[in-house]
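**Student:** Below you will find the structure I want to go over with you.
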Amino acid sequence: VTSLQRTLSAVPKCLVNGINGERSELTIWCSSVWFPFISMTKEKDNELLSIVLTYFQSQNRPYSQTDIVQNLHNKFGKTAIQKSLDILVQQSQLYEKVYGKQKVYALNQKNLPPVSEDMIKSKDSEIKRMESILEELKGTVKSREVKLKALNSAITVDEASKRLEKAKIKLEDLKKQAGSIKTTAPLISPEMKSRMLREIEQCERSCKKRKRIHGELIDTLLENYPKKEKRFVRRHWY
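Going by my numbering, the sequence shown opens with residue 22, and the numbers climb by one from there.
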């Protein structure tokens, strides 16, 4: 655009307007191509200015040029956004703050209408209400995350079905083994069973008797032993 403007500025007006009222080729080109292009470019610039200003008014918080480009979903280039920001700063719609190599832009608060005390109280009440709702939602999210974690750690229906099938197969094998043992294992006669039970009872009585003798022996030895029973047993029995 700038290059074309310089070119036209160097062209004599008589060639643009025509000589003796006659329209030259340059005159026709300017009227049909150049002037509509300039008009369309201005309209796009004004549209972008309105978009950027509206965005600042709706958010009312500081942004950098990169933030605006990203928040407008990269629909406009960095150069166009920067040009709009510079114009809005010149128009006192925005103010500019420089932090090192970065520039931050914010809405000029002087252009905002004054806020009444009632409006401030209303907004404070609204903020408290929204904070209360937020805390409730956080609690709901937390409880559902716990449930989700439990569900994710639990086995699925398909996995449970597979395990059940394996358990059924194993159960059938065990039943077959039990049946085989019943039919092939030698039977114990009642006399042998009675004799084995008597031997078990005799072993239990003997065990109790030896345990009692062991306790009496330990007590006798510990009467004059200066240290604890545990140390004595560990040293002399193991």
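Glycine residues also receive a C-beta, built at the ideal position from the N, C-alpha and C atoms.
1. Decide yes or no for the touch test of the stretch 64-84 against the stretch 92-110: beta carbon pairs closer than 8 Å, at least 3 of them.
2. Leaving out five residues on either side along the sequence, give the residues of the same chain with a beta carbon under 6 Å from the beta carbon of VAL110.
3. Are the beta-carbon atoms of TYR84 and TYR120 separated by less than 8 Å?
4. Tell me, which residues are paired with VAL125 by DSSP?
5. Does LEU242 pass the burial test, meaning 16 or more other C-beta atoms within 10 Å, or should it be called exposed?
6. For ILE89, count neighbouring C-beta atoms within 10 Å of its own C-beta (all shown protein chains included) and say buried if the count is 16 or more, exposed if not.
7. Please list, in chain order, all residues of the same chain as LEU70 whose beta carbon is under 7 Å from its beta carbon, the five residues on each side excluded.
8. When you compare only the Cα positions, how much space is there between ILE154 and GLY160?
9. Need the endpoints of the alpha helix (DSSP H) that HIS235 sits in, please.
10. Nearest CA to the CA of ASN67: which residue from ILE102, SER137, GLN86?
11. Can you say whether LEU128 is buried or exposed, counting buried as having 16 or more other CB atoms within 10 angstroms of its CB?
12. Applying the criterion that 16 or more other CB atoms from any shown protein chain within 10 Å of the CB defines a buried residue, is LEU115 buried or exposed?
13. Please return the same chain residues whose Cβ sits closer than 7 Å to the Cβ of VAL167, not counting the five positions on each side in sequence.
14. Please report how far the alpha carbon of VAL37 lies from the alpha carbon of ARG82, in whole angstroms.
15. I need the boundaries of the alpha helix (DSSP H) containing SER146, first residue and last residue.
16. Just to confirm, are GLN80 and LYS99 a CB contact at a threshold of 8 Å?
17. Tell me whether GLY98 sits in a helix, a strand or coil according to DSSP, three-state version.
18. Under the three-state reduction of DSSP, which class applies to SER201: helix, strand or coil?
19. Using CA atoms only, rank isn't needed, just tell me which of SER113, ILE239, SER137, ASP145 is closest to GLN130.
**Tutor:** In short, the structure shows the following:
1. Yes: the two stretches touch, three or more of their Cβ pairs being nearer than 8 Å.
2. Reading the sequence shown from its first residue, position 89 is the one you call residue 110. Cβ within range, chain order: GLU117.
3. Counting from 1 along the sequence shown, the entry for residue 84 is found at position 63. Counting from 1 along the sequence shown, the entry for residue 120 is found at position 99. The criterion of a C-beta distance shorter than 8 Å is not satisfied by TYR84 and TYR120.
4. Along the sequence shown, one-based indexing puts residue 125 at 104. VAL125 pairs with SER85, LYS118.
5. As a working mapping, residue 242 is identified with position 221 in the sequence shown. Result: exposed.
6. The residue given as residue 89 occupies position 68 in the sequence shown. Buried, by the Cβ-count rule.
7. Translated into positions along the sequence shown, residue 70 becomes position 49. Cβ within range, chain order: SER105, ILE108, LEU109.
8. Here residue 154 corresponds to residue number 133 of the sequence shown, with the count starting at 1. Here residue 160 corresponds to residue number 139 of the sequence shown, with the count starting at 1. If you take the alpha carbons of ILE154 and GLY160, they lie about 10 Å apart.
9. Here the question's residue 235 lines up with position 214 in the sequence shown. Unbroken alpha helix (DSSP H) run through HIS235: 211-243.
10. Sequence index remark: in the sequence shown, residue 67 carries index 46 (1-based). Of the candidates ILE102, SER137, GLN86, the one whose C-alpha sits nearest the C-alpha of ASN67 is ILE102.
11. Position 107 of the sequence shown, counted from the first residue, corresponds to residue 128. Classification of LEU128: buried, given that the 10 Å Cβ count is 16 or more.
12. The residue you call residue 115 lines up with position 94 of the sequence shown. Per the 10 Å Cβ criterion, buried.
13. By 1-based counting over the sequence shown, the position of residue 167 is 146. Excluding sequence neighbours, VAL167 sits near nothing in its chain.
14. One-based indexing of the sequence shown puts residue 37 at position 16. One-based indexing of the sequence shown puts residue 82 at position 61. At VAL37 the pLDDT is 46, less than 50, meaning the model places this residue with poor confidence and gives no usable figure here.
15. In the sequence shown, residue 146 corresponds to position 125, counting from 1. Run containing SER146: 138-174, per the alpha helix (DSSP H) assignment.
16. The count along the sequence shown starts at 1 and reaches residue 80 at position 59. The count along the sequence shown starts at 1 and reaches residue 99 at position 78. No, the pair does not count as a contact, with Cβ atoms beyond the cut-off.
17. Translated into the one-based positions of the sequence shown, residue 98 becomes position 77. Three-state DSSP puts GLY98 in coil, outside helix and strand.
18. To locate residue 201, count along the sequence shown from 1; it is residue 180. Here SER201 sits in helix by DSSP.
19. Along the sequence shown, one-based indexing puts residue 130 at 109. Ranking the options by Cα distance to GLN130, first place goes to SER113.
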